[in-house]
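Enquirer: There's a structure below that I have some questions on.
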Amino acid sequence: MPKTRSLLCYTRVATRREEANNDDIALSMHLALRSPLTGAWEPLNENYGIFFAAAVPVSGTYDSSAPTGCRRACPAAARFADADRFDGDRPVSEAVAYGAVMPGVDVTLKSLTDPHLFRLADGRFGVAATRVARGGDADGSERSAFLLAVSRDLTAYDRLGMVVLDTAAGVRRPQVAYDDAAARYVIRWRDDEGRPMRALCDDITAAVGRVLPVEADPDAPEREPERPAVGAYGIADAVAGNVITVSAKEAAVLTSRFGRIYNTGASVRPYSLDGSLRGDDARAAVAALGKACADLSYSDGSTAVRAVDWDRAALDALAEDAAAGRLEPGRTVAVPGRVRQSVYPVPFAVERADPSVFAWKFNGEPMFLFIATDDTDGNCVDPNGGRTHMPLRVASSIAELSDAAGGRDREIDLLTCGDLNSEGRAMTGCFWAPELHVIGGRLSVLFMPCFDGGAENPDGTPNDRAGKPDMWTGRCHIMQLRKDADGRDLDPRDPANWSVPEPILGLGGAILNPVQRISLDMTVINDSGRWYYAWQQVGSVWIAPFDPASPAQLTGEPTQIVVPEFAWDNLIAEGPNAFVHEGTIYLIYSGSLVGIDYTTGLVTAPAGRGVDLTDPASWTKLDYPLQKSGVYNGEWQLGTGHGMWSHDEDGNLIYVFHNAEYEEGRYGGRDAQVRRVHWSAEGMPVLDMQADEELDPAYAGMTMYVTVR
Numbered sequence: 006m007p008k009t010r011s012l013l014c015y016t017r018v019a020t021r022r023e024e025a026n027n028d029d030i031a032l033s034m035h036l037a038l039r040s041p042l043t044g045a046w047e048p049l050n051e052n053y054g055i056f057f058a059a060a061v062p063v064s065g066t067y068d069s070s071a072p073t074g075c076r077r078a079c080p081a082a083a084r085f086a087d088a089d090r091f092d093g094d095r096p097v098s099e100a101v102a103y104g105a106v107m108p109g110v111d112v113t114l115k116s117l118t119d120p121h122l123f124r125l126a127d128g129r130f131g132v133a134a135t136r137v138a139r140g141g142d143a144d145g146s147e148r149s150a151f152l153l154a155v156s157r158d159l160t161a162y163d164r165l166g167m168v169v170l171d172t173a174a175g176v177r178r179p180q181v182a183y184d185d186a187a188a189r190y191v192i193r194w195r196d197d198e199g200r201p202m203r204a205l206c207d208d209i210t211a212a213v214g215r216v217l218p219v220e221a222d223p224d225a226p227e228r229e230p231e232r233p234a235v236g237a238y239g240i241a242d243a244v245a246g247n248v249i250t251v252s253a254k255e256a257a258v259l260t261s262r263f264g265r266i267y268n269t270g271a272s273v274r275p276y277s278l279d280g281s282l283r284g285d286d287a288r289a290a291v292a293a294l295g296k297a298c299a300d301l302s303y304s305d306g307s308t309a310v311r312a313v314d315w316d317r318a319a320l321d322a323l324a325e326d327a328a329a330g331r332l333e334p335g336r337t338v339a340v341p342g343r344v345r346q347s348v349y350p351v352p353f354a355v356e357r358a359d360p361s362v363f364a365w366k367f368n369g370e371p372m373f374l375f376i377a378t379d380d381t382d383g384n385c386v387d388p389n390g391g392r393t394h395m396p397l398r399v400a401s402s403i404a405e406l407s408d409a410a411g412g413r414d415r416e417i418d419l420l421t422c423g424d425l426n427s428e429g430r431a432m433t434g435c436f437w438a439p440e441l442h443v444i445g446g447r448l449s450v451l452f453m454p455c456f457d458g459g460a461e462n463p464d465g466t467p468n469d470r471a472g473k474p475d476m477w478t479g480r481c482h483i484m485q486l487r488k489d490a491d492g493r494d495l496d497p498r499d500p501a502n503w504s505v506p507e508p509i510l511g512l513g514g515a516i517l518n519p520v521q522r523i524s525l526d527m528t529v530i531n532d533s534g535r536w537y538y539a540w541q542q543v544g545s546v547w548i549a550p551f552d553p554a555s556p557a558q559l560t561g562e563p564t565q566i567v568v569p570e571f572a573w574d575n576l577i578a579e580g581p582n583a584f585v586h587e588g589t590i591y592l593i594y595s596g597s598l599v600g601i602d603y604t605t606g607l608v609t610a611p612a613g614r615g616v617d618l619t620d621p622a623s624w625t626k627l628d629y630p631l632q633k634s635g636v637y638n639g640e641w642q643l644g645t646g647h648g649m650w651s652h653d654e655d656g657n658l659i660y661v662f663h664n665a666e667y668e669e670g671r672y673g674g675r676d677a678q679v680r681r682v683h684w685s686a687e688g689m690p691v692l693d694m695q696a697d698e699e700l701d702p703a704y705a706g707m708t709m710y711v712t713v714r
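Going by our numbering, the first residue of the sequence shown is number 6, and it counts up by one from there.
Given below as C-alpha cells:
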C-alpha cells in the first residue's frame with residue numbers, strides 16, 4: 006500500500022435532475038482519489054458533492070445581544086456576519102420575532118465554483134472557493150472576496166466566512182498556499198482583466214473579518230494557465246480544481262466515509278453439545294444451536310450479525326441422535342445453513358408516502374404495523390376524488406405488509422374524510438405523515454389532518470382552497486389506542502378502538518406555528534428521562550418537551566433546531582425521526598422539497614447525558630445528505646427521503662422511506678421502500694447498501710460444526 010495518495014477536488018457541469026446532478030449538486034466541491042492500482046480517478050460519494058457553500062442569513066436576522074442572534078439553528082453560517090453585506094439588507098419574516106429564521110426569506114442559498122484544497126500550517130485542510138448565487142450566477146462577493154473553510158479530515162467543515170481583499174477588480178480562481186520558509190500564507194488569484202494578484206497573511210483563519218491589502222503577484226506567469234478540459238480526469242462532467250497529496254491514513258478515512266462498503270466474509274463460531282443429555286433436554290440443547298448467528302465482516306472493518314436458516318433435517322437428525330444417546334464424545338457434526346437475508350419488494354407499497362413500520366407486541370403477540378400518507382397520483386391533500394383516508398396495515402411479518410403480499414388489499418381506514426377531531430372540526434384532507442409510537446404506555450399515531458379552507462387567507466387575500474381541503478390549515482394531532490378495564494390493549498385494527506384525534510398545542514393552548522399555521526411530520530424523542538416532540542414548521546425542524554401522561558400539550562416553548570442551509574436541502578427540513586445508537590441520537594430529516602430532488606439529512610446529539618435537546622448547539626449537522634437519489638440494486642431511485650427507523654423480525658435496524666414514482670418525465674407520487682441499515686466502522690449509518698454489498702452470495706452458505714463433549 007502506498008504511503009500517499011492523490012486527491013482531486015472539482016465541481017461538475019450540471020446535467021439532469023434525473024442523474025442527481027442539477028445545479029444545486031454540481032456546484033459544490035466533489036472529491037476523487039487516484040487508484041494506486043490502475044491510476045484512474047475514483048469519485049467519492051458516488052460523484053456527489055461533499056462540501057457545499059452555506060446559506061447566508063440577511064442582516065436583519067442578527068441580534069447583537071446574543072452570540073448568534075436568531076441564527077442559532079444555522080451553524081454553517083454562524084461566523085458569516087461580515088458576509089451579509091453582499092446580500093443587502095432585506096425585510097425579514099415573522100419567524101425572526103420568535104428567535105427563528107424562515108428558509109428562502111431570512112437566509113439566501115449559495116453555491117460555489119473553483120474549489121481549491123490546501124494545507125494549513127498545522128496540517129489541517131483548507132478550502133478556498135468562489136461563492137456564487139444558487140444556480141451559478143455571480144452574487145457580488147466575487148468582486149473582492151472568496152469563501153474559506155477548514156477541516157480536520159474532509160468529512161466535516163468549519164466554515165469561517167469570507168476572506169475580503171482590498172480590491173473591486175474581481176477575485177477569480179483563488180488559491181492559497183503556506184510558505185514554510187516565510188511562515189506565511191500566500192493568496193493568489195487573477196482579476197477580471199486576467200492580471201495576477203496576491204495577498205499575504207500570517208494566519209489565514211484570522212483573515213476572515215479583515216480586509217487584506219493586495220499587490221501584483223511578482224512570481225506568477227504572465228499568461229494564465231489553461232484550465233483542464235471538462236472531464237479531463239476521466240470523471241463525467243468534472244470541472245477540475247486542484248490535486249493535493251494525502252496520507253494513506255487520510256485516504257482511508259475518506260474511503261470509509263464516502264466509498265462503498267462491501268461484505269468480505271461470514272463465519273459462525275464452533276459449538277459444543279453435552280453428550281450426557283438425553284430426551285427433551287438434548288432436543289432443547291440442539292434447538293438452542295438452531296439460533297446460532299453468523300458474524301459478517303466488511304471492507305471498512307465493520308461487522309454485523311445475521312440470523313442463519315440452518316438445515317432443518319440436519320438439526321432434527323442431530324436432536325434425535327442426542328436424545329437417544331447415539332453421540333459419542335469427540336464426534337463433530339456438520340450442520341449446513343444459509344445466512345438469512347430478506348429482500349423486500351421494490352416498491353414495497355405503491356403511492357404510500359411518509360411511511361412508518363412499527364414493531365409492536367399486541368398483548369404479548371408480535372405484530373408489525375404499517376401506516377403512511379395516501380399519495381395516489383401525487384395528490385396527498387385530497388386523493389381519490391376527495392375520499393381521503395389514513396391507511397393502516399397489520400401483519401405478523403414485514404414482508405406481509407407489502408403490496409406484493411396483499412398488504413394493500415388488507416388496509417384498514419383508521420380515519421376517513423369528514424371524521425371529527427376533538428374540537429368538533431371535520432378533518433377533510435391530508436392525514437399526512439402518520440407515525441406510530443408508544444407514548445405513556447399507549448400505542449399512538451401522530452399525524453397532520455387538514456380542514457376546509459376559509460374564504461380568505463390570514464393576510465386577507467382570497468383563498469383558492471375555500472370550501473376544499475387546505476394544507477395550510479393542517480395541525481399536528483395525536484390519537485391513541487384505548488385499553489380495556491384490565492389494562493390490555495384493544496385491537497388496533499378496529500377504528501372504534503382509537504381515541505378521537507386531538508390537536509397538539511403549545512403552552513397555554515397556543516398554536517404550534519404562529520407564523521404560518523401549518524405544523525406537520527411530528528415524531529418523538531425520549532432521552533435521559535425527558536420526552537420531546539420534533540416536527541416541521543416554518544420549513545424547518547422544531548423541538549419542544551412534553552409530558553407523555555398528557556401528550557396533547559407541550560410543556561415548554563418550541564425551538565428551531567434544523568434549518569436547510571445548503572443547496573442540497575435548500576428550502577425545507579422536514580420529516581424528522583430519531584434513533585439512539587451507542588451513545589448518539591441520530592435524527593434524520595428530509596430536504597429539497599417533495600419530488601425527485603428529495604434528500605435525507607442527518608443531525609446528531611449526545612444520548613443519555615442529559616443535554617438540552619432544545620438547544621440548537623446540542624446538535625451537529627452533516628454537511629451533505631446521508632442519502633440521496635442514486636442507483637440501488639441496479640435501478641435508479643429518485644427523491645429518496647422522509648424515512649423512519651424501525652426493526653425487522655430478527656431485531657436488525659431497518660430504514661423505511663419513500664422515493665418518487667417517476668417515469669419518462671412524469672411524476673406519479675411516492676412509493677414506500679424498506680432497507681436494512683448497516684453501521685460503518687466509524688459509527689455512521691449506511692442507508693444505501695446494495696444487496697450483494699450487505700451479503701456477498703459467495704459467503705451466504707456456511708457450516709456450523711458441533712462437537713460432542
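For glycine and all other residues, C-beta sits at the position ideal for the given N, C-alpha and C.
#1: Specify the secondary structure class of R288 as computed by DSSP and reduced to three states.
#2: For the segment 358–403, which segments carrying the beta strand (DSSP E) assignment without a break, of at least 3 residues, lie completely within its bounds, in sequence order?
#3: With the cut-off set at 7 Å, would you say G246 and P352 are in Cβ contact?
#4: Any heavy atom of the ligand ZN closer than 6 Å to the beta-carbon of V219?
#5: Measure the alpha-carbon distance for P72 versus S545 and round it to whole angstroms.
#6: Quick one: what does DSSP say G166 is sitting in, helix, strand or coil?
#7: What is the rounded straight-line gap between the Cα of T172 and the Cα of D158?
#8: Kindly indicate which three-state DSSP category D701 falls into: helix, strand or coil?
#9: Helix, strand or coil: how does DSSP classify M453 here?
#10: Could you please give me the residues that DSSP links to E1 through a beta bridge?
#11: Could you give the first and the last residue of the continuous beta strand (DSSP E) run that contains P115?
#12: I'd like to check one pair, A78 with I566: are the Cβ atoms closer than 7 Å?
#13: Which whole-angstrom value describes the C-beta separation of G600 and D574, a residue pair presumed to lie in contact below a C-beta threshold of 8 Å?
#14: Looking only at its own chain, which residues have a Cβ that is under 8 Å from the Cβ of R493, when we skip the five neighbours before and after it?
#15: Identify whether F130 lies in helix, strand or coil by the three-state DSSP scheme.
#16: When you compare the segment 478–490 with the segment 407–415, are there three or more beta-carbon pairs, one atom per stretch, that lie closer than 8 Å?
#17: Put V711 into one of helix, strand or coil per three-state DSSP.
#18: Taking the C-alpha atoms as reference points, what is the distance between L517 and M527?
#19: Would you kindly work out how many angstroms separate the C-alpha atoms of K366 and L117, rounded to a whole number?
#20: Would you call the segment 12–29 and the segment 137–147 touching, i.e. three or more CB-CB distances under 8 Å?
#21: Of the residues S272, E440, V112, A292, which one's Cα is nearest the Cα of A299?
#22: Throw me the rounded Cβ distance for the A237 and R17 pair, which I believe falls under 8 Å.
#23: Less than 8 Å between the CB atoms is what I'm expecting for G613 and G383, so what's the real figure, rounded?
#24: Given a cut-off of 7 Å, decide if Q642 and N664 are closer than it, judged by their beta-carbon atoms.
#25: On the DSSP bridge list, what partners appear for Y594?
#26: What is the DSSP secondary structure of W477, reduced to helix, strand or coil?
#27: Can you tell which of L448, G104, E198, S685 has its C-alpha closest to the C-alpha of E698?
#28: Kindly indicate which residue of V682, P690, E687 has the alpha-carbon position closest to the one of A696.
#29: Do you know offhand how far L122's Cα is from S156's?
#30: Select from D701, L627, L700 the residue whose C-alpha is nearest the C-alpha of P80.
#31: Quick check for students: name the residue ranges of the beta strand (DSSP E) that lie wholly in the segment 500–545, counting only runs of 3 or more.
#32: Can you tell me the Cα-Cα spacing of V348 and D701, whole angstroms?
#33: Could you check whether V711 and L420 sit closer than 7 Å to each other, using their CB atoms as the reference points?
#34: Are H394 and D414 touching if we call contact CB-CB under 7 Å?
#35: With DSSP collapsed to three states, give me the class of Y349.
#36: Looking only at its own chain, which residues have a Cβ that is under 7 Å from the Cβ of R22, when we skip the five neighbours before and after it?
Expert: Well, looking at it:
#1: helix
#2: 370–379, 394–400
#3: no
#4: By its list of ligands, the structure shown contains no ligand whatsoever, and the ligand ZN lies outside what it can speak to.
#5: Because the pLDDT of P72 is 45, which lies under 50, any placement of that residue in the model is unreliable, and the number read from its coordinates should be weighed accordingly. Looking at the two C-alpha atoms, the distance is approximately 21 Å.
#6: strand
#7: 32 Å
#8: coil
#9: strand
#10: Because the chain spans 6 through 714 in this model, residue 1 falls outside it and cannot be assessed.
#11: A quick correction: the sequence has Lys, not Pro, at residue 115. That run of the beta strand (DSSP E) goes 115–124.
#12: yes
#13: G600 to D574, Cβ: 13 Å. No contact.
#14: N368
#15: strand
#16: no
#17: strand
#18: 11 Å
#19: 51 Å
#20: yes
#21: S272
#22: Going by Cβ atoms, the distance from A237 to R17 rounds to 13 Å, so no, they are not a contact pair.
#23: Between G383 and G613 the Cβ distance is about 41 Å, and since that is not below 8 Å, they are no contact.
#24: yes
#25: G606
#26: helix
#27: S685
#28: V682
#29: 10 Å
#30: L627
#31: 525–532, 535–542
#32: 14 Å
#33: no
#34: no
#35: coil
#36: I601, D602
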